[in-house]
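Quick notes on the structure that follows.
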Amino acid sequence: MGSKRFSGSLFVMLVLGFLLGVSRGYKFYVGGKDGWATNPSERYSHWAERNRFQVNDTLFFKYKKGSDSVLIVSKDDYNSCNTKNPIKSLTDGDSTFIFDRSGPFFFISGNADDCNKGKKLIIVVMAVRPKPLPPTPYSPITPASSPQPTSSPPAVSPDARSPSDSAGPAQAPSTNSKSGSSGLTAGSLSVGLVLGASIGVSFILGGFLRVV
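The sequence shown lines up with residues -25 to -1, 1 to 187 when you count with mature numbering (1 follows the signal peptide of the UniProt record, and there is no 0).
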């Protein structure tokens, strides 16, 4: 149990130390081992070009106190080596300067003659950029399928039915109608025969009476 607490405390201390280190930035020694010198082995402009500076980084100028100074000036004063109107002066011998913004900074020697000999420095601090967000995994979005309308059978009007449907079920011919019609035909024949016979008898009797 105690070892777990110790590991957790150590982890928190390491994280805090890392965050404090990042917030404080890095410390750069201007001119390297030569320091803020009149005749450095490496030109200050070349030294600045091979380094990258960010907000909260620190410049360290090492020189003999009382013999020189470091002036932060405007661009025009930098170009003309004007030491009369500095933005800020560093004179303590072991001078530090912290970048509080991005953009260009102009440094010159407090001695105008040394400035004209090349003892000056331009540093451009990079802009603060937010950390990129991790890429979002791609997930294809399938469109929601709309419900299909249910097909209903077409309405059929009563008049549109087939003749077979309107006629209804076929009915078998009635035997009674056939027998009635046959009986009617036989009666008609017998009546005709009787009438014909009566007429024939009348003709025969009439001829006989005329002869007598």
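Glycine residues also receive a C-beta, built at the ideal position from the N, C-alpha and C atoms.
Burial state of residue i (16 or more Cβ within 10 Å)
i   : result
S84 : buried
Y1  : exposed
I62 : exposed
A23 : buried
Three-state class that DSSP yields for residue i in the structure shown
i           : result
V(-4)       : The predicted position of V(-4) is uncertain, since its pLDDT is 45 and thus under 50; a value taken from the coordinates is nonetheless stated next. Helix at V(-4).
S55         : helix
Y4          : strand
K50         : helix
D9          : helix
S20         : helix
D89         : helix
I73         : strand
T33         : strand
G78         : strand
I62         : coil
V103        : coil
S84         : strand
D43         : strand
residue 266 : Any property of residue 266 remains undetermined from this structure, which presents the chain solely from -25 to 187.
P109        : coil
R27         : coil
Nearest-angstrom Cβ-Cβ length linking residue i and residue j, presumed shorter than 8 Å
i    : j   : result
V30  : L96 : About 18 Å separates the two Cβ atoms, so there is no contact after all.
S49  : T66 : Incorrect: roughly 19 Å between the Cβ atoms, too far for contact.
V100 : S77 : 5 Å
G10  : Y38 : 6 Å
K40  : G7  : Not a contact, Cβ separation roughly 20 Å.
Alpha-carbon spacing of residue i relative to residue j, whole angstroms
i   : j    : result
S42 : T111 : 59 Å
N60 : P109 : 48 Å
T13 : C56  : 15 Å
K94 : Y19  : 7 Å
F72 : T33  : 6 Å
F28 : I98  : 8 Å
K92 : N86  : 10 Å
D89 : V103 : 34 Å
S64 : S16  : 25 Å
H21 : T58  : 23 Å
D51 : N26  : 24 Å
C-beta contact flag for residue i and residue j at 8 Å
i   : j   : result
F82 : L46 : yes
F35 : F3  : yes
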